[in-house]
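Visitor: Structure in structure tokens, see below.
There are 2 protein chains.
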Amino acid sequence: MQNFDYYNPTRIVFGQDSIAQLDTLVPADAKVLVLYGGGSAERNGTLAEVEAALGGRTVRRFGGIEPNPEFDTLMEAVALIRAEKLDFLLAVGGGSVIDGTKFVAAAVDYPNDPWQILETHGAQVTRAVPMGCVLTLPATGSEMNNFSVVSRRARQAKLAFSSAHVFPRFSVLDPVKTYSLPPRQIANGAVDAFVHVMEQYLTYPANAPVQDRYAEGLLQTLIEVGPQALATPQDYDVRANLMWAATQALNGLIGAGVPQDWATHMIGHEITALYGLDHAQTLAIVLPALMNERRAAKRDKLLQYAARVWNIHSGGADERIDMAIAQTRAFFESLGVKTRFADYGVGAEAVDKVAAQLEAHGMTALGEDQAVDIATVRRILQAAL
Amino acid sequence: MQNFDYYNPTRIVFGQDSIAQLDTLVPADAKVLVLYGGGSAERNGTLAEVEAALGGRTVRRFGGIEPNPEFDTLMEAVALIRAEKLDFLLAVGGGSVIDGTKFVAAAVDYPNDPWQILETHGAQVTRAVPMGCVLTLPATGSEMNNFSVVSRRARQAKLAFSSAHVFPRFSVLDPVKTYSLPPRQIANGAVDAFVHVMEQYLTYPANAPVQDRYAEGLLQTLIEVGPQALATPQDYDVRANLMWAATQALNGLIGAGVPQDWATHMIGHEITALYGLDHAQTLAIVLPALMNERRAAKRDKLLQYAARVWNIHSGGADERIDMAIAQTRAFFESLGVKTRFADYGVGAEAVDKVAAQLEAHGMTALGEDQAVDIATVRRILQAAL
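Protein sequences, first through last, are from chains E and A.
Each residue of the first sequence is one higher than the one before, counting from 1 in this note's numbering.
Each residue of the second sequence is one higher than the one before, counting from 386 in this note's numbering.
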């Protein structure tokens with residue numbers, strides 16, 4: 001096991017009707033800004049439920065935070081908070097709203113141009129407005145970590161930051177709030193969570209059996225509940241287990257003390273930036289091709305994954321690895337998330353374009369061993385056409 | 386899944402040479418009391434290493450905290466802290482030292498008789514002196530939870546309390562510090578951690594696959610590394626995995642959203658109080674007998690445990706349950722922890738005595754379904770003779 005430093009102070013309030021607990025979770029004298037995305041939180045009554053729970057407090061609304069939240073939009077929220085001297089942020093939504101709220105929280109009192117927060121990846125953040133979350137979309141894990149990704153389209157930039165100051169104080173997770181989500185968002189969320197686990201698991205053995213088994217347990221759970229969540233959208237336990245698995249997939253726990261490989265996410269981000277594909281769609285394209293390309297470096301873990309997650313015990317080693325990759329691809333496809341560029345109308349030019357963007361962004365040594373250079377990326381992309 | 390509220394702000398600094406990080410973990414202007422147990426922390430150099438890392442700070446020592454920490458001893462530490470106006474507590478040791486330090490932390494500013502903290506199980510604790518831990522004995526999980534058990538021999542009492550105010554701010558876990566532990570303490574620690582997991586797992590199915598698989602992963606890991614830790618005491622990874630599994634076994638995570646059954650611990654506490662057996666010895670006596678007595682109520686989970694933890698797939702249901710119980714007993718015995726009263730020279734009179742103590746303490750409806758009444762406890766004890 002590698003040395004590690006694990007810290008996660010976010011309180012999780014989980015279960016049906018838990019939004020009512022906002023009344024005790026948010027300080028009684030707080031002046032609250034509720035941040036949300038499109039109109040669904042308004043339409044489906046979640047915003048009203050949140051505001052009822054906050055009864056008696058000053059509450060302002062800020063809607064319109066986009067998927068891949070936009071710097072300019074978020075700075076409008078910063079201006080509102082400064083103008084009205086609001087002192088508590090409540091994100092109501094999925095990963096984009098929560099990521100955006102983290103940035104807003106850090107930006108309000110930032111002494112310089114807040115864009116610097118992203119350029120320096122959070123290194124100079126020394127405080128943030130306290131924030132909480134009401135999660136409505138299980139996917140990114142942002143509700144229980146201190147990461148945030150923000151886009152600035154005018155500069156064709158999508159940058160990440162992290163800071164211990166932007167851990168949500170609490171996150172309320174009510175599985176019932178996911179019932180009304182479109183199937184595409186549920187499928188994307190299951191794929192995103194699955195790939196989060198894989199990127200902390202599928203590297204090389206580090207003699208960390210607790211972390212390995214936690215990761216395998218999350219993968220097995222996502223394989224079970226992902227299709228069920230699409231087939232029976234109002235099955236409470238299915239949605240609860242999807243939600244808890246997605247939160248656990250990226251809260252620092254399974255990655256503590258083990259090598260990690262975020263190449264799939266890094267390549268995927270460029271595909272989204274270039275072609276506008278959903279984040280999870282890019283992951284579903286990249287991961288199977290990357291698993292095959294990196295089968296030598298990841299051989300031991302691929303065999304462990306085949307055996308423990310997919311129950312593949314017969315055949316030669318390469319055959320078992322082939323089967324595990326095929327099962328992974330089939331899992332994504334079974335959720336309706338396609339796994340090849342061609343499925344999204346993207347042609348062979350993607351190889352050059354994505355490789356060039358990665359090179360431009362200095363992403364030339366990805367992977368757990370920094371061995372995924374641009375030539376390797378090109379082979380992965382070629383295989384994913 | 387049941388609704389739950391999960392919160393654990395303890396930072397874990399894990400790995401070889403991590404004690405040096407105390408310099409940044411403890412506030413620079415802190416006036417520190419280092420609390421420890423017997424002389425082993427002095428003899429093996431850990432105390433000196435801790436004090437070197439704290440260089441420049443005011444540091445006082447308080448040694449002599451007993452296994453099953455004693456109220457009167459702890460109140461001496463409280464007096465010292467008050468007299469010298471110390472403001473940070475650092476527990477160096479295992480669960481007893483950490484439990485004792487939590488009580489001290491809560492008692493220093495408690496407005497009434499601190500015994501009341503235990504009598505009211507922590508309900509009226511509103512603040513505590515900040516504390517950190519240097520863990521030297523993997524077993525209880527106290528380094529990453531807010532529970533504490535304190536004894537007061539003059540009143541034949543062993544009481545527990547919990548409070549969000551006594552979460553350690555941080556715990557430093559260096560597996561190397563466990564190399565010098567006596568085999569009996571390693572074996573006891575592995576059994577204690579194993580039973581902690583079982584008491585949050587072996588109840589009835591609650592459709593919580595993440596929690597189930599996390600628990601099974603911890604059990605499998607303890608089954609692997611427990612004997613290895615005894616056979617090769619200086620194998621770093623083995624000790625690291627034992628340590629991390631024991632911490633994970635009781636930090637609130639695997640028990641979130643699922644039923645729990647602490648009957649084994651409750652019965653075991655009375656045996657320790659009456660006969661002075663090690664805590665883990667009492668658990669090893671009680672658990673196999675309890676599993677058999679409660680095989681109807683726990684049937685589904687016993688079969689899941691048999692299959693997933695022990696790989697028992699053939700035979701009738703009752704036969705598989707018998708095999709799983711036998712494997713559990715054999716695991717404890719393989720660590721040198723005996724599983725029957727007779728092994729410790731305790732005779733049949735234990736049935737009456739332990740049952741009477743449980744009754745006197747109001748423990749007459751134990752278990753995940755409150756069905757473990759005194760008659761059931763007597764059958765369990767009888768079967769464990």
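Each residue gets a CB set at the ideal place from its N, CA and C atoms; glycine is no exception.
Since the model is a prediction, treat every value here as computed from it, not as a measurement.
Comparing the C-beta of R11 (chain E) with each C-beta of chain B, is any distance below 8 Å?
Guide: In the structure shown, chain B does not exist; the protein chains are E and A.
Visitor: Cα-Cα, which of A:K416, A:E455, A:D457 is closest to R446 (chain A)?
Guide: Out of A:K416, A:E455, A:D457, A:K416 has the C-alpha closest to the C-alpha of R446 (chain A).
Visitor: Among E:D235, E:N188, E:A375, which residue has its Cα nearest to the Cα of G336 (chain E)?
Guide: Closest option to G336 (chain E), Cα to Cα, is E:N188.
Visitor: What are the partner residues of L418 (chain A), as DSSP defines its beta bridges?
Guide: L418 (chain A) pairs with A:R445, A:L474.
Visitor: For the beta strand (DSSP E) holding I65 (chain E), just list the boundary residues, first then last.
Guide: Premise fails: I65 (chain E) is in no beta strand (DSSP E) and is neither H nor E.
Visitor: Which residues bound the beta strand (DSSP E) around G517 (chain A)?
Guide: Taken as a continuous stretch (DSSP letters only), the beta strand (DSSP E) holding G517 (chain A) covers 516-520.
Visitor: Give the secondary structure of V108 (chain E) by DSSP, where H, G and I count as helix, E and B as strand, and everything else as coil.
Guide: Residue state, collapsed to three classes: coil.
Visitor: Span of the alpha helix (DSSP H) holding K298 (chain E)?
Guide: Per DSSP, K298 (chain E) belongs to no alpha helix (DSSP H) and is neither H nor E.
Visitor: From the DSSP output, in three-state form, read off S314 (chain E) for me.
Guide: Three-state DSSP puts S314 (chain E) in coil, outside helix and strand.
Visitor: Skipping 5 residues on each side, what residues in its chain have a beta carbon closer than 8 Å to that of A164 (chain E)?
Guide: Answer for A164 (chain E): Y7, N146, listed in chain order.
Visitor: State the Cα-Cα distance for the pair L89 (chain E) and A105 (chain E), rounded to the nearest angstrom.
Guide: Each residue's alpha carbon lies about 7 Å from the other.
Visitor: If we ignore side chains and look at the alpha-carbon of each, how far apart do L687 (chain A) and A658 (chain A) end up?
Guide: Approximately 30 Å between the Cα atoms of the pair.
Visitor: Just the Cα atoms here: how many angstroms apart are P182 (chain E) and E434 (chain A)?
Guide: Between P182 (chain E) and E434 (chain A), the C-alpha separation is close to 57 Å.
Visitor: Roughly how many whole angstroms lie between the Cα atoms of L635 (chain A) and P644 (chain A)?
Guide: For L635 (chain A) and P644 (chain A), the distance between alpha carbons rounds to 14 Å.
Visitor: For the alpha helix (DSSP H) containing S18 (chain E), list its first residue and its last residue.
Guide: No alpha helix (DSSP H) contains S18 (chain E), which DSSP labels as neither H nor E.
Visitor: Which residues of chain E have a Cβ atom closer than 7 Å to the Cβ of P594 (chain A), listed in chain order?
Guide: Simply T221, E224, N241.
Visitor: Contact criterion: CB-CB distance below 8 Å. Does A245 (chain E) meet it with respect to chain A?
Guide: Chain A contact via Cβ: present.
Visitor: How many Å lie between E427 (chain A) and I98 (chain E) at the Cα?
Guide: Between E427 (chain A) and I98 (chain E), the C-alpha separation is close to 48 Å.
Visitor: Comparing C-alpha positions only, which one of A:S425, A:G424, A:G441 sits nearest to L407 (chain A)?
Guide: When only C-alpha atoms are compared, the closest one is A:G441.
Visitor: Determine contact between the region 100-114 of chain E and the region 69-77 of chain E, defined as no fewer than three beta-carbon pairs at a distance below 8 Å.
Guide: Enough Cβ pairs lie closer than 8 Å, so yes.
Visitor: Please look up how many angstroms separate the CB atoms of T232 (chain E) and V225 (chain E), rounded, as I've assumed it's under 8 Å.
Guide: In fact, because the Cβ distance is near 10 Å, the residues do not count as touching under 8 Å.
Visitor: Can you tell me the Cβ-Cβ gap for M628 (chain A) and M748 (chain A), rounded? I've got them flagged as a contact below 8 Å.
Guide: Between M748 (chain A) and M628 (chain A) the Cβ distance is about 31 Å, and since that is not below 8 Å, they are no contact.
Visitor: Could you check whether the region 678-692 of chain A touches the region 575-590 of chain A, counting it as contact only if at least three pairs of C-beta atoms, one from each stretch, sit closer than 8 Å?
Guide: Yes: the two stretches touch, three or more of their Cβ pairs being nearer than 8 Å.
Visitor: Work out the CA separation of A476 (chain A) and R554 (chain A) for me, nearest whole Å.
Guide: Looking at the two C-alpha atoms, the distance is approximately 11 Å.
Visitor: Could you tell me if N311 (chain E) is buried or exposed, where buried requires 16 or more neighbouring beta carbons within 10 angstroms of its beta carbon?
Guide: N311 (chain E) is exposed by the Cβ-count criterion.
Visitor: In three-state terms, what does DSSP make of V534 (chain A)?
Guide: Three-state result, V534 (chain A): strand.
Visitor: Quick check on this structure: which residue in E:M198, E:A383, E:A284, E:L219 has the alpha carbon closest to the alpha carbon of E368 (chain E)?
Guide: Here the closest residue by C-alpha is E:M198.
Visitor: E734 (chain A): buried (16+ other C-beta within 10 angstroms of its C-beta) or exposed?
Guide: It counts as exposed.
Visitor: Run down chain A in chain order and give the residues with a C-beta less than 9 Å from the C-beta of R213 (chain E).
Guide: Simply R598, Y599, E601, G602, L603, Q605, T606.
Visitor: How would you write the range of the beta strand (DSSP E) that S162 (chain E) sits in, first residue to last?
Guide: Run containing S162 (chain E): 157-162, per the beta strand (DSSP E) assignment.
Visitor: Examine chain E for any beta-carbon lying closer than 8 Å to the beta-carbon of Q633 (chain A), and answer yes or no.
Guide: Yes, contact with chain E.
Visitor: Report all residues from its chain with a CB closer than 7 Å to the CB of R538 (chain A); omit the five preceding and five following residues, and keep chain order.
Guide: So the list reads E455, once near-sequence residues are dropped.
Visitor: Got a sec: which bits of the region 78-102 of chain E sit with their beta carbon under 8 Å from any beta carbon on chain A, in order along the chain?
Guide: Within the region 78-102 of chain E, no residue qualifies.
Visitor: Residues of the region 318-339 of chain E in Cβ contact with chain A at a cutoff of 9 Å, in chain order, please.
Guide: Cβ contacts with chain A: none found.
Visitor: Based on DSSP bridge pairs, tell me the residues matched to Y6 (chain E).
Guide: According to DSSP, Y6 (chain E) bridges with A:I397.
Visitor: Along chain E, in chain order, which residues have C-beta atoms closer than 7 Å to that of N388 (chain A)?
Guide: Chain E residues near N388 (chain A): F14, G15, Q16, S18.
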